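J.:
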Amino acid sequence: APPAPPPRFRFFPPPPPLSRLLFSSNFPQTDTMATVELAYGTHLTQDFAVHIRLTEPYAPRMWVEIDEHGHRAAMLAFYPQFSMDDSSQVDITFVVDRSASMKGDALTEARRALHYGVLSLPHSESITYNVVSFGSTVEWLFPAAVCANDEAARKKVAEFCRTFQNNLGGTDLPLALRPLMLQAVHTHARSAANNAVVLLTDAQLTHPNAARDLLRRHLAHARLFVFACGDNISRNTARSLARTAGGGDER
Numbered sequence: 002a003p004p005a006p007p008p009r010f011r012f013f014p015p016p017p018p019l020s021r022l023l024f025s026s027n028f029p030q031t032d033t034m035a036t037v038e039l040a041y042g043t044h045l046t047q048d049f050a051v052h053i054r055l056t057e058p059y060a061p062r063m064w065v066e067i068d069e070h071g072h073r074a075a076m077l078a079f080y081p082q083f084s085m086d087d088s089s090q091v092d093i094t095f096v097v098d099r100s101a102s103m104k105g106d107a108l109t110e111a112r113r114a115l116h117y118g119v120l121s122l123p124h125s126e127s128i129t130y131n132v133v134s135f136g137s138t139v140e141w142l143f144p145a146a147v148c149a150n151d152e153a154a155r156k157k158v159a160e161f162c163r164t165f166q167n168n169l170g171g172t173d174l175p176l177a178l179r180p181l182m183l184q185a186v187h188t189h190a191r192s193a194a195n196n197a198v199v200l201l202t203d204a205q206l207t208h209p210n211a212a213r214d215l216l217r218r219h220l221a222h223a224r225l226f227v228f229a230c231g232d233n234i235s236r237n238t239a240r241s242l243a244r245t246a247g248g249g250d251e252r
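So the number in the numbering used here is just where the residue sits in the sequence shown, counting from 1, plus 1.
1. Does residue 131 come out as helix, strand or coil in the three-state DSSP assignment?
2. Which residue wins for smallest C-alpha separation from residue 165, given the options 239, 124, 133?
3. Just reading off the beta strand (DSSP E) that residue 66 is part of, what are its end residues?
4. Rounded to a whole number of angstroms, what is the C-alpha to C-alpha distance between residue 221 and residue 247?
5. Tell me, to the nearest whole angstrom, how far the beta carbon of residue 1 is from that of residue 171; I am working on the premise that it is less than 8 angstroms.
6. Rounded to whole angstroms, what's the CA-CA distance from residue 205 to residue 163? Just pull it up for me.
7. On a Cα-Cα basis, can you pick out the residue from 233, 241, 224, 227 that is closest to residue 213?
8. Buried or exposed, going by whether 16 or more other CB atoms sit within 10 Å of the CB of residue 99?
9. Between which two residues does the beta strand (DSSP E) containing residue 228 stretch?
10. Take residue 198 as the anchor and find which of 115, 224, 146 has the nearest alpha-carbon.
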């Protein structure tokens, strides 16, 4: 089995001065161990987190352990690589909860998730996306879906992420989902794998059962992925929505 590559360290937020960082000659070091030491006499005034990242995160690895009786157990980790067919059209709709409950950290996280979600899309004409905001009403950022390689559209999304507020009233998710599901049925003769709805919400919904029923009826046409935002999250609602629509949920 190939050896596990050494980890990489970074700090957030930056701690007080560090005298030694990563593989100091004064400490034992291996391919899987590093040591961090604060400068002598330094006192921490804030918490910090150590983020450990593998230098080759997608390299195949195998760990073998032997118990006291000589029995062996192995764990294999590998990441299959898939190539995307450029001729396959993919439509992504980012649905942003802008209801009154999306305040503070929830609003900040929704802005950040939308921004990075659009930035991470491959620059391809075969991928289109749109941004839909909802509360008691529904607002579309673009009149029609735009290509992921449209730089002007990306700039408009970036500006929208800096300025949108939680000013659309209630949390009527079915109001936003109905036109998306109808569009998936009547405009696209493709499977749910080609139509994704990414929901950014705290899941404090006014009509969760109606939303689940709507998703269930259109399971063959679109999948829903939920990114829960903020601290006051209805986790059960977020998880049940994603599972009903064949997608997933993240916090």
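Quick reminder that beta carbons are idealized off the backbone N, C-alpha and C, glycines included.
Values in this document were obtained by computation on a predicted structure and should not be read as measured data.
T.: For this structure:
1. Sequence index remark: in the sequence shown, residue 131 carries index 130 (1-based). Residue 131 falls in the strand class under three-state DSSP.
2. Looking up residue 165 in the sequence shown gives position 164. That would be 133, whose Cα lies nearest to the Cα of residue 165.
3. One-based indexing of the sequence shown puts residue 66 at position 65. Looking at the DSSP string, the run of the beta strand (DSSP E) that includes residue 66 is 62-67.
4. Reading the sequence shown from its first residue, position 220 is the one you call residue 221. Reading the sequence shown from its first residue, position 246 is the one you call residue 247. Roughly 9 angstroms between the two C-alpha positions.
5. This structure cannot settle anything about residue 1, because the visible part of the chain is limited to 2 through 252.
6. The residue labelled residue 205 in the question sits at position 204 within the sequence shown. The residue labelled residue 163 in the question sits at position 162 within the sequence shown. Those two C-alpha atoms are separated by around 23 angstroms.
7. Looking up residue 213 in the sequence shown gives position 212. That would be 241, whose Cα lies nearest to the Cα of residue 213.
8. The count along the sequence shown starts at 1 and reaches residue 99 at position 98. Looking at its Cβ environment, which holds 16 or more other Cβ atoms inside 10 Å, residue 99 is buried.
9. Within the sequence shown, numbered from 1, the residue matching residue 228 stands at position 227. Its beta strand (DSSP E) spans residues 224-229.
10. As a first step, residue 198 must be located in the sequence shown, where it is residue number 197. Measuring from the Cα of residue 198, the nearest candidate turns out to be 224.
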